[in-house]
Amino acid sequence: MQTAILCSICKSDQTVTDPESGEIICRNCGLVLSDKAQESRPEWRAFTGEEANDRSRTGIPSSLARHDMGLSTVIGRTDKDASGRAIDVAMRSTMGRLRAWDFRTQAHSPTDRNLRQAFSELDRLKDKLGVSDAVIEKTAYIYRKAQERGLVRGRTISAMVGAALYIACRETGASRTLKDIAEIGNIKRKDLARIYRLVVMELDLKIPMIDPMKCIVRVANRANLSERTKRVAMNIMKGVTKSGISAGKDPMGLAASVLYLACLNTGESRTQTDIAEAAGVTEVTVRNRYKNLKSQLDLN
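Mapping to our numbering: the sequence shown position 208 is 452, numbers consecutive.
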């Protein structure tokens with residue numbers, strides 16, 4: 245318990261603390277009893293009264309990627325009391341039972357259990373794919389919306405999480421394909437694509453097109469192409485996009501064919517098979533796109 249500070253002039257113990265400076269001031273005569281700035285302000289900033297009321301000083305940040313949004317508490321496993329002394333055996337057994345029931349009550353409904361399992365899978369995908377926290381938050385939001393619509397019922401959790409993650413990657417501009425998520429999540433690409441189309445249709449989402457420039461950089465890095473070839477490929481892709489040839493074409497296949505064209509222009513030795521393997525498409529796709537681009541752009 246904190247001892248009261250007595251004023252040296254009026255001998256009063258009625259004090260008030262300035263929230264801005266942290267100084268302790270006598271309420272009776274106004275004497276500054278302690279000019280040492282005591283940190284009493286929160287670590288967050290608020291610019292309006294509503295923001296100050298909405299913010300909280302304690303606890304972990306709230307997140308949609310947690311089944312309870314990060315608002316629940318956890319009983320610690322230190323087995324010590326407030327003074328640091330070890331508790332006796334009877335109290336330790338009681339705390340163990342309370343800890344178990346506290347863990348069970350945090351996911352008492354099927355919805356909570358489903359979210360806990362889904363977001364555990366999402367954490368695993370985040371580590372393996374290396375996506376940002378913004379993509380994860382967007383994925384959790386999409387998954388919660390799909391669960392409210394009843395789209396999760398009868399479908400695997402891993403496939404639903406993968407589809408939501410792919411939608412979030414498309415909306416945020418992250419360069420991740422269906423094939424990448426299917427391989428990492430151990431899901432069939434056909435099942436993942438079917439659930440992706442279902443979620444987009446049911447939630448009425450507007451998915452932006454994949455930027456082919458990002459695909460060029462990604463394929464070029466996988467194929468270990470030079471920076472000069474990348475620049476030439478980007479210039480060719482600008483002409484392809486401007487002429488409207490890219491409409492309806494697979495971005496990865498189109499990027500692979502443009503990179504093959506750039507390799508021919510710069511003299512870098514790469515075969516269609518090398519570019520196709522780096523892009524994750526077939527050699528036939530690269531060859532057909534290459535012939536189409538060569539005829540329509542009149543390239544030599």
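Ideal placement from N, C-alpha and C gives every residue a C-beta, glycine not left out.
- By the Cβ rule, the segment 266-276 counts as touching the segment 249-257, because three or more pairs are nearer than 8 Å.
- When beta bridges are read from the DSSP output, C270 appears opposite T259.
- In the three-state reduction of the DSSP assignment, S539 falls in the helix class, which pools H, G and I.
- When rounded, the separation of the alpha-carbon atoms in I489 and V502 is 12 Å.
- Residue state for V276 is assigned as strand, using DSSP reduced to three classes.
- For the segment 372-456, the continuous alpha helix (DSSP H) assignments of 4+ residues that do not extend past its boundaries occur at 377-392, 401-416, 422-429, 433-447, in sequence order.
- Judged by pairs of C-beta atoms under 8 Å, the segment 439-446 does not touch the segment 480-497, as fewer than three such pairs exist.
- A check of alpha carbon separations from N358 across I331, G394, K538 identifies G394 as the nearest.
- The alpha-carbon separation between M457 and L498 amounts to approximately 10 Å.
- Across the structure, L541 and K382 are spaced so that their CA atoms are roughly 39 Å apart.
- When C-beta atoms of the segment 458-470 are compared with those of the segment 394-412, fewer than three pairs fall below 8 Å, so the two segments do not count as touching.
- Where V484 is concerned, the enclosing alpha helix (DSSP H) starts and stops at 471-487.
- Boundaries for T317: no alpha helix (DSSP H) harbours it, and the DSSP string shows neither H nor E there.
- Secondary structure of A330 (DSSP, three-state): strand.
- In the three-state DSSP reduction, K370 falls in the helix class (H, G or I).
- The C-beta distance from R514 to A464 rounds to 10 Å, too long to meet the 8 Å contact threshold.
- About 18 Å separates the beta carbon of L373 from that of D455, a gap too long to meet the 8 Å contact definition.
- Here I439 is buried: its Cβ has 16 or more other Cβ atoms, across all protein chains shown, within 10 Å.
- In this structure, I380 sits away from R414, with a CB-CB distance that is not shorter than 9 Å.
- Taking 9 Å as the cut-off, the Cβ atoms of E365 and I331 do not count as close.
- Residue nearest to N430 within the set S419, A403, A437 is A403 (criterion: CA-CA distance).
- Straight-line spacing of the CA atoms in S470 and D448 works out to 42 Å.
- Minimum Cα-Cα distance from T355 among the listed residues A418, Y387, D435, V525 corresponds to Y387.
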